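Letter by letter, the sequence shown follows residues 0 to 319 in numbering that gives the first Met the number 0. Positions of the beta carbon are idealized from the N, C-alpha and C atoms, including for glycine. Here the structure is a predicted model, which means the values were calculated and not measured. To keep things clear, I will list the structure first and then write my remarks on it.
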Amino acid sequence: MGLTKEISMQQRLAGRDFLTLADYSKPEINYLLELAAYLKKQRQQGKEEKPLQGKTLGMIFEKSSTRTRVSFEVGMYQLGGMGLFLSSDDIQIGRGEPISDTAKILSGYLDGIMIRTFSQQVVEELAENASIPVINGLTDSYHPCQVLADMQTIEEVKGGLDGVKLAYIGDGNNMAHSLMLGGAIMGMNVSVAAPDKYQPETPVIQNAQSIAKHSGSKIEVTSDVQAAVDQADVVYTDVWASMGQESEQSVRELAFADYQVNKDLLDLAHPDAVFMHCLPAHRGEEVTAEIIDGKQSVVFQQAENRLHAQKALLTALMGK
Ligand code: CP
Ligand code: NVA
C-alpha cells in the first residue's frame, strides 16, 4: 500500500458506519482486504501493532453467536482495545429503552458499537443517533462482516475476486443478499439458486444488478441449481432456517430438499471449486458431511478470517 493512498483511505473510512456493503466502494473494500491480509501476516509473524489502544467497542447481541462475538472481542483486545459483550437480555434495550436513547448514551462511553439484531432498521436507527461508528454484526437482511471475511478467503484461495464465479445454493437470506452486493461491487459473478418462494428480495437483486453494471460482473437468481453451479469457482451455502425462523424448520427442510450441496452437485462445478459456508452448519441438511469436511472445503480458514477482516474494519473505522 502506498503511503498517500493509505492516508487518504484512512481519512475516508475513519468514523464511518458499516451497515451494508452497498455503502462502500470497490477501492474502499480493496483497502480493507489489503489491511486484513497485512494484519493476518503480522499476527502470524508475532508482530502485532496496537492501533486501538484504550478504545472500546460495545457489542450488542439480540441473537446468538460464536464467531462474531469471539472474533470481535478478541480482535479488539489484539488491537490494544477492549470489547464489551452486551446481551439484550441484560441491557435496557430488552426492556424497551428506545434505540435512539441507547445510541446517544453509548456514544458517551464507547468508541464504536457492533450490533447483531433482527431488523436492519434497528441498525440504521442506532447509526443515525450514535456519534460513533456502528457496525452491522448481522441482521435478517445482511451480514456484511461475514462477506468481508469471505472475500479475504476467496482472494487467498483463488488469487483475486475479479471474474470469480460464486454459486450460492439455498435460502435467499441475509448471506445471499450480502454476497450479491459484495460480488457486484468487487466484480465477482454471483449465481443464486433458491426455490421460487425463498429467493432474495427483489430490491436487493435490483440494487446488486445495478451496481454490477459498473463492475462488469453478473448477478443472477434462478431456481435451477445445476445452472448456478456450472463452472463455479466457489460453491457457498447457508442454513435453510436462519435465526428467528426455527418454527419453519420442517417446512423449509421439504422446500430445500433439492438444494443440498453434496458430491453430485459439487462435481458439476469447476474441478478446482472450493466449498464455503458462513457456519454454523447443519450436516445432512444444506451440506453433506463429506463435502464440508472434505478436501474442497475452506470453511475453517473462512471462519478464522472473520478475526483478521474485522480487525481491519475496526482499525479503519475507529483508528486515528
Ligand atoms: N457466521 C457467523 O456469523 O457465525 P456466528 O453466528 O457464530 O457469529
Ligand atoms: N443466515 C444465518 C446466518 C448465520 C451466521 C442466520 O441468520 O441465522
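Tell me whether residue i counts as near the ligand CP, meaning its Cβ is closer than 7 Å to at least one heavy atom of that ligand.
| i | result |
| --- | --- |
| T65 | yes |
| V279 | First, the residue type needs correcting, since residue 279 is Pro and not Val in the sequence shown. Yes - the ligand CP has a heavy atom lying nearer than 7 Å to the Cβ of P279. |
| R68 | yes |
Any heavy atom of the ligand NVA closer than 7 Å to the beta-carbon of residue i?
| i | result |
| --- | --- |
| N135 | no |
| V146 | no |
| V73 | no |
| D149 | no |
| S216 | no |
| S190 | no |
| H276 | no |
| M242 | yes |
| H142 | yes |
| N304 | no |
| M187 | no |
| D237 | yes |
| M174 | yes |
With a threshold of 7 Å on Cβ separation, who are the neighbours of residue i within its own chain once the five nearest residues in sequence on each side are excluded?
| i | result |
| --- | --- |
| S140 | Q119, N173 and H176 |
| L147 | L31, A308 and L312 |
| A126 | D16, L18 and V133 |
| S64 | R115 |
| A211 | A183, K217 and I218 |
| H281 | V238 |
| K39 | H307 |
| D161 | G186 |
Please classify residue i: is it buried, with 16 or more other beta-carbons within 10 angstroms of its beta-carbon, or exposed?
| i | result |
| --- | --- |
| S99 | exposed |
| L253 | exposed |
| I6 | exposed |
| Y108 | exposed |
| R94 | exposed |
| V250 | exposed |
| H142 | buried |
| A272 | buried |
When DSSP builds the beta bridges, which residues end up paired with residue i?
| i | result |
| --- | --- |
| S190 | A166 and E219 |
| N135 | I114 |
| M242 | Beta-bridge pairing links M242 to no other residue. |
| M58 | F84 and M113 |
| R282 | V286 |
| V273 | V233 |
| V260 | V286 |
| S296 | F274 |
Skipping 5 residues on each side, what residues in its chain have a beta carbon closer than 6 Å to that of residue i?
| i | result |
| --- | --- |
| E124 | I98 |
| Y306 | In the sequence on display, residue 306 carries Leu and not Tyr. Within the same chain, L306 has close Cβ partners S70 and G74. |
| G111 | L56, I131, P132 and M317 |
| T314 | P50 |
| S296 | F274 |
Thinking just about the alpha-carbon of each residue, which of the options is nearest to the one in residue i?
| i | options | result |
| --- | --- | --- |
| Q355 | M185, K294, L165 and G181 | The structure shown does not extend to residue 355, since the chain is modelled only from 0 to 319, so the question has no answer here. |
| E27 | T67, G181 and A193 | G181 |
| S87 | N128, F60 and H142 | F60 |
| D149 | T236, G80, K40 and Q259 | T236 |
| Y258 | K54, S106, Q77 and S222 | S222 |
| V191 | G171, Y76, E200 and S209 | G171 |
| V286 | G80, N304 and A256 | A256 |
| L264 | V228, V220, V297 and L105 | V228 |
| Q205 | N135, A21, D292 and G283 | A21 |
| L137 | I104, R66 and G158 | R66 |
| L267 | S246, G45, E284 and D232 | D232 |
| A240 | A102, Y197 and S214 | Y197 |
| H269 | Q244, Q225, Q52 and A288 | Q225 |
Taking 8 Å as the limit between beta carbons, can you name the residues of its chain near residue i, skipping five residues before and five after?
| i | result |
| --- | --- |
| Q300 | T152, E155 and V156 |
| E289 | N261 and K262 |
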